[in-house]
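Peer 1: Structure provided below as structure tokens; questions to follow.
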Amino acid sequence: MSNTFIALAVPALLLSSAIFILLFGLSSYYTKNRGYFITLATLFVSFIFASLGIGTKFSMEILPQIFNSMVVYDTFAATFISLFLLGGFLTLAIAKSFVDKTDFFTHESFVLLLFSLFGMVVLTMANELLTAFIALEIASMSVYILVGLNRNSLKASEAFFKYLLLGSFSASFYLLGMMLIYAQAKSTNLDAIAEYILHTELHSQLLILAGSMLIMITIMFKIAAVPFGAWVLDVYEGASLPITAYMAGVFKIAIFAFTLRVFLQDYITFDSVYDPLIIGGAVVTMAVGSLLAVIQTSVKKMLAASSVVHSGYILIAFASIGEATASAASAIIFYLFAYFISAIGAFGVLSYISKGSDKLIQYEDLNGLAKTRPIIAASLTIFMLSFAGFPSTIGFIGKFYILTSAIEAGYTALAFFGAITAFISIYYYFKVIAHLYFKEAEHVEVHYGYKVSLAFIVISALVVLWGGVGTSLLFDIPGINELNAISKYAVESLGL
Amino acid sequence: MSVLAILLLAPLVSALLIFLINILFPYAKQYLYTFFALMGSGVSGLLALYVGYYSYFEKEVFISHLFTWLSIGNFSIEVALKADALGSFMLLFVAPVSFLIHIYATGYMDKDKSYGRFFAYFNLFIFFMFLLVLADNPIIMFIGWEGVGLTSYALIGFYFKDIQNTYAGNKAFIVNRIGDFGFLSALMLLFLEIPSGGFSFSNIFLNLAQMEPSSLTLIAFLLFVGAMGKSAQIPLFVWLPDAMAGPTPVSALIHAATMVTAGVYMVARFAPLYNMTPEISLIISYVGALSALLAALIATRQYDIKKILAYSTMSQLGFMFMALGAGAYSTALFHMFTHAFFKALLFMAAGAIIVAYHHKQDIRELRGIQLPKIFKMMAIASLTIVAIPPFSAFFSKDAIMGALFVNGHVGIFMMAFVTSMLTAYYMSRMMFVLFFSKSKQEAMESPKSMLFPMMLLAILSVFAGFLNFPEVFGGNMHISHWLGLPDRAVLIPHAKELALMGINTFFVLLVIYNAYRKYAYTETIVTQHNDGLVANKFYIDALYQRFIVAPIAIISHFFEKWVSQFLIDNAINWSAFGYFKLGEIVAKAENGNVRLYALYMLFGVVFGFVYLYWSLRGAL
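In the order they appear, the protein sequences are chains Y and G.
For the first sequence, the working numbering assigns the number 1 to the initial residue and increments by one for each residue that follows.
For the second sequence, the working numbering assigns the number 497 to the initial residue and increments by one for each residue that follows.
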């Protein structure tokens, strides 16, 4: 299969499947189960397609005579697309019990999910600011609605409105920034802008500098960096658990994919100007995020706050990208994978034990789970250890790469600060483990059913462990080294 | 997978399988465990013979690179296995003896309710032992080293319901930690000293010449501290007699034939290093000599059959260290080789007696036992250990005596000589008390699964010596040539060697005769007084307790109370409290008011632009 075919097939598949479900949902043959499995199959097939591009270095413009180099398909795009398609697949697979037990998860929800993934795919391939904006908005709009899916819940509606309002507010910065850049560079194509930046003095491209900064603000909003990410606690709290997992794990990957592309192609020349801002942002994000996480009483809000901290870690790598390009960029990809697999697992566990209700899970609700449901408790423990960056989990390797790239770039103090926040994070992550194992409960035996959800939770937990210790000693399963190599290839393909 | 990988992993796999069966199917049949236990150790045993054959006849060096553990810059640590002559030689007796003791243990542990757990540990132990022997670099060796320590701990405290056994396990583990500290410090120093390349043994030895002589001395000493712990030498020997709390097969395998020899093996492995540090070698010799003498002295006044053997193990290890210190590495290893057979046999015989007489271990209560087969084998083993020609230890011990004699340290030689007389004394004391008595005690003979491995070991005890037949009798020291270690010892003239052998044998026979007069068919063992310096093991345990353990406990209490609880705990609790309060303040800003959120964003934008203006103001 040629790369052009794959590049067209993946978004086309997502889109056509979405439209099919939209129409099919009105017919009397539709059942929720059928919609669910069609979506799952679509995600799986498109994941397989996209993953064909991993590990070989290539870069091509898609149908240049039609799209005029607005979209490109390279190893970078293929890697990211496979990442979040896998993420979408896992989220949905684990959410089986949630899908079945809620009445607000209608066929439109599947459609929205597919639309948002379509938007992300295009966003990852976008090589032009306006295309990227449209793709970003397609994805964001779908996610806005997914947040407010439960119309009967006041919290969800509130979250939906807040997110929509602030999201539109932040999008306006992007448009303004794009306009400024176009005013000076006379193009919105990333390659053309890069060309322009290279051949112009730093001091005579102030509009581009200002415009880039505005675009960065939108990105900061989307990844919930402080001070643009104040929405995150309310929105994550209001949204249903699988949707929260989806936003925290999957949506973020797509945003970072675009950000990384923009950074590596254009911003890298402004490195000296932007670095202090990004470093400041990283420090504030990590500090505020961990302060908020420490005081939460509900596990879901704690995970929401801690996702802010994880964005902060990734910002560390972004700050290092100018000085240690290769290691920082591949560290970001590795970290995103590490975070998303743990996040989907952790939110999945919460969703599994809340049995589709929108009840906020408090720490106390986990008491004694280790006795009644040892497998779930062990999986949740593994996810928490991975979040905290405990050795022998994938989270440790992810943090290790991020911090080493920062040290390589000369930001030792920043790396040190990151390590301190990681140390603090042990408090709120281990609190979960403490409640699981060391608190007695008046817990009654509950049957959760849904072996599929459980199976995928366990698989995610095993991946987390394997990613932390994996070798090819006995069996040739890709482990740390292979993942790292994949990230490196992806980054190198940008230079082609 | 290569031969070595299979050899190494077979016992690990069977250990894991046994663990799984033990956990998942608590009522699994015993033969299932037996099958896996013998599979694991049997495969390794056979492969060890194969490796030994090709190493000896074809001079083949087996290498198996498993994976790269970590690689930082141009420094890498490989998980690689290597069986050179020394490694193959170790395998050659470790693996088959392990297998034989496994067979023996199936008889000894028969119907024990923790049968599965025992063999899981047992197989795990030989896995770690192979890792120790086959390691291509000291770090992997250290993993094996720690692993055997861990399994040894688990097996000493095997019957953990009796708290004394657990204490014995703790003692072994803690005393070994001191040795491990030495080993680990030596590794760190080596890490600092080594200029580049890998951490493999060959690379270390290549770079020895460029290292600082003073730090080499320190490294050599610290490594020996590690060896002291594992091989029960003064001052870290106190754990070995207590370790006899474990089941007898454990004592035979771990605390006689294999694990305790790890220290000797390690020093021999680092022979090029010790050749450059003669002062440390001298210390090794003296420590070995003193340990041998002390242990032999204590053994003459012990009554517990297993403790006598434990002290004799320590004493024999002392002999090996004397030889190592004198630079006669292959001689030391040869003695280790023969020792593995006869000491395992002695312990197995002791175990058979213990089983037959319902777990009595005191030789005063076991007087006049009637086990003819066991007697024959124990007699062979005893004659071997006291070095009567032509039993195997005669050749190995004689070679050590010769090396010490040539080396010229009279003190060490005299201590070795006295020790070998004492060895003859305490062994014959034990034999005569057990089997030559007016009283008679009948018992059932042991099952075949216990007798068969003992017979094989008895044959080996007799004939293993001919493998390294000395030149004085027309042999040509096959093993020494095969090992090819950088021996320093000068060869002893044949006339002197013969004379030494003669004198030695004569005095040994004299001592045995004396012991016969004193203990056979008499009541001496019961009437003899049982106090004084020697009977109380020189009060060493009490001394350690008083002068080392107690002061450390006082210091620990101080740190626990003031540094840990007061200083550290309070600091952490207060900073956590402060952080929590800070979090509550931040949460006030995060209050759900969307207008405020937009305002924060605006602040961010303004700040960004102010910064941009400030950093680019020169251009404006």
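In this text, a Cβ means the ideal position worked out from N, Cα and C, and glycines have one as well.
Tell me which same chain residues have a C-beta within less than 6 Å of the C-beta of Met997(G), skipping the five on either side of it?
Peer 2: Excluding residues within five positions, the ones whose Cβ falls inside 6 Å are Asp894.
Peer 1: Whose C-alpha, out of Val491(Y), Tyr489(Y) and Val452(Y), is nearest the C-alpha of Ser97(Y)?
Peer 2: If we check each option's Cα against that of Ser97(Y), Val452(Y) comes out closest.
Peer 1: Does the pairing of the region 324-334 of chain Y with the region 368-382 of chain Y give three or more beta-carbon distances under 8 Å?
Peer 2: Result no; under three Cβ-Cβ pairs closer than 8 Å.
Peer 1: Should Asp738(G) be labelled buried (16 or more other beta-carbon atoms within 10 Å of its own) or exposed?
Peer 2: It counts as buried.
Peer 1: Given a threshold of 16 other Cβ atoms within 10 Å of its Cβ, counted over all protein chains shown, does Arg1113(G) qualify as buried or as exposed?
Peer 2: Burial call: exposed.
Peer 1: How far does the beta strand (DSSP E) with Met60(Y) in it reach, from first residue to last?
Peer 2: Here the beta strand (DSSP E) through Met60(Y) covers Ser59 to Glu61.
Peer 1: Let me confirm a value: Leu1026(G) is counted as buried when at least 16 other C-beta atoms fall within 10 Å, else exposed. Which label applies?
Peer 2: The displayed chain sequence assigns Asn, not Leu, to residue 1026(G). Flag for Asn1026(G) reads exposed.
Peer 1: Considering only residues of the region 844-932 of chain G, which uninterrupted alpha helix (DSSP H) runs meet the minimum length of 4 residues and lie entirely inside it, listed in chain order?
Peer 2: If we require 4 residues or more, the alpha helix (DSSP H) runs fully inside the region 844-932 of chain G come out as 868-881, 888-903 and 906-931.
Peer 1: Closer than 8 Å by beta-carbon distance: list the chain G residues that pair up with Ser170(Y), in chain order.
Peer 2: In chain order: Met1097.
Peer 1: Look at Lys57(Y) and Ser487(Y) and say whether their C-beta atoms are less than 8 Å apart.
Peer 2: No, they are not a contact pair.
Peer 1: Counting only Cβ pairs nearer than 8 Å, list the residues of chain G close to Ile424(Y).
Peer 2: Simply Tyr1075.
Peer 1: I'd like to know whether the C-beta of Ala716(G) is nearer than 8 Å to at least one C-beta of chain Y.
Peer 2: No, Ala716(G) lies away from the interface with chain Y (no Cβ there is under 8 Å from its Cβ).
Peer 1: To the nearest angstrom, how far is it from the Cα of Val929(G) to the Cα of Leu736(G)?
Peer 2: Using only the alpha carbons, I get a separation of about 24 Å.
Peer 1: Using the Cα positions of Asn1066(G) and Phe1076(G), report the straight-line distance between them to the nearest angstrom.
Peer 2: Roughly 15 Å between the two C-alpha positions.
Peer 1: Taking contact to mean 3 or more Cβ pairs, one atom from each stretch, closer than 8 Å, check whether the region 629-636 of chain G and the region 694-713 of chain G are in contact.
Peer 2: With the cut-off at 8 Å, the region 629-636 of chain G and the region 694-713 of chain G touch.
Peer 1: Helix, strand or coil: how does DSSP classify Val10(Y) here?
Peer 2: Helix at Val10(Y).
Peer 1: Would you mind stating whether Thr131(Y) and Val122(Y) have Cβ atoms separated by less than 8 Å?
Peer 2: Their beta carbons are under 8 Å apart, which means Thr131(Y) touches Val122(Y) by this criterion.
Peer 1: Quickly, what does DSSP pair Ser567(G) with across the bridge? List them, please.
Peer 2: BP columns for Ser567(G) point to Ser572(G).
Peer 1: Where do the N-terminal and C-terminal ends of the beta strand (DSSP E) with Tyr73(Y) fall, by residue?
Peer 2: Here the beta strand (DSSP E) through Tyr73(Y) covers Val72 to Asp74.
Peer 1: With H, G and I counted as helix, E and B as strand and the rest as coil, what does DSSP make of Asn964(G)?
Peer 2: Looking at Asn964(G) - three-state DSSP - the assignment turns out to be helix.
Peer 1: What does DSSP give as the partner residues of Gln362(Y) in its beta bridges?
Peer 2: Gln362(Y) pairs with Ser298(Y).
Peer 1: Within the continuous alpha helix (DSSP H) that includes Lys32(Y), where are the two ends?
Peer 2: It spans Lys32 to Ser51 - the alpha helix (DSSP H) in which Lys32(Y) sits, taken as one unbroken run.
Peer 1: For Gly211(Y) versus Ile255(Y), is the C-beta distance shorter than 8 Å?
Peer 2: No, Cβ-Cβ distance for Gly211(Y) and Ile255(Y) is not below 8 Å.
Peer 1: With 16 other CB atoms within 10 Å as the buried threshold, where does Ala419(Y) fall?
Peer 2: That one is exposed.
Peer 1: Quick one: is Asp266(Y) near chain G, going by C-beta distance under 8 Å?
Peer 2: No, because no Cβ of chain G sits closer than 8 Å to the Cβ of Asp266(Y).
Peer 1: Would a C-beta distance cut-off of 8 Å place Val235(Y) and Ile341(Y) closer than the cut-off?
Peer 2: Their beta carbons are not under 8 Å apart, which means Val235(Y) does not touch Ile341(Y) by this criterion.
Peer 1: Are there three or more Cβ pairs, one per stretch, closer than 8 Å when the region 722-729 of chain G is compared with the region 672-691 of chain G?
Peer 2: Verdict: yes, contact present.
Peer 1: Please name the residue, chosen from Ile94(Y), Gln184(Y), Thr39(Y) and Thr381(Y), that lies closest to Phe118(Y) on a Cα-to-Cα basis.
Peer 2: That would be Thr39(Y), whose Cα lies nearest to the Cα of Phe118(Y).
Peer 1: I want to verify the contact list: residues of chain G whose CB lies under 8 Å from the CB of Phe400(Y), in sequence order.
Peer 2: Near Phe400(Y) there are no residues of chain G at all, since even the closest Cβ is about 11 Å away, more than 8 Å.
Peer 1: Within the same chain, show all residues whose beta-carbon is closer than 6 Å to that of Gly281(Y), passing over the 5 residues directly before and after it, in chain order.
Peer 2: Cβ within range, chain order: Ala225 and Leu315.
Peer 1: Output the distance between the C-alpha atoms of Gln660(G) and Ala650(G), rounded to the nearest integer angstrom.
Peer 2: Distance between the alpha carbons of Gln660(G) and Ala650(G) is about 14 Å.
Peer 1: In its own chain, which residues sit with a C-beta less than 6 Å from the C-beta of Ala576(G), not counting the 5 before and 5 after it?
Peer 2: Result list for Ala576(G): His561 and Asp632, in chain order.
Peer 1: What does Leu1078(G) reach in chain Y if we use C-beta pairs closer than 7 Å?
Peer 2: By Cβ distance, chain Y contributes Leu291.
Peer 1: Counting only beta-carbon atoms, is Glu1086(G) nearer than 8 Å to chain Y?
Peer 2: Chain Y, which has a Cβ nearer than 8 Å to the Cβ of Glu1086(G), makes this yes.
Peer 1: Could you say which of Val590(G), Gly823(G) and Gly694(G) lies nearest to Ser572(G) if we only look at CA atoms?
Peer 2: Out of Val590(G), Gly823(G) and Gly694(G), Gly694(G) has the C-alpha closest to the C-alpha of Ser572(G).
Peer 1: Determine the contact status of Gly548(G) and Ser584(G), defining contact as a CB-CB distance below 8 Å.
Peer 2: Yes, these two residues count as a Cβ contact at 8 Å.
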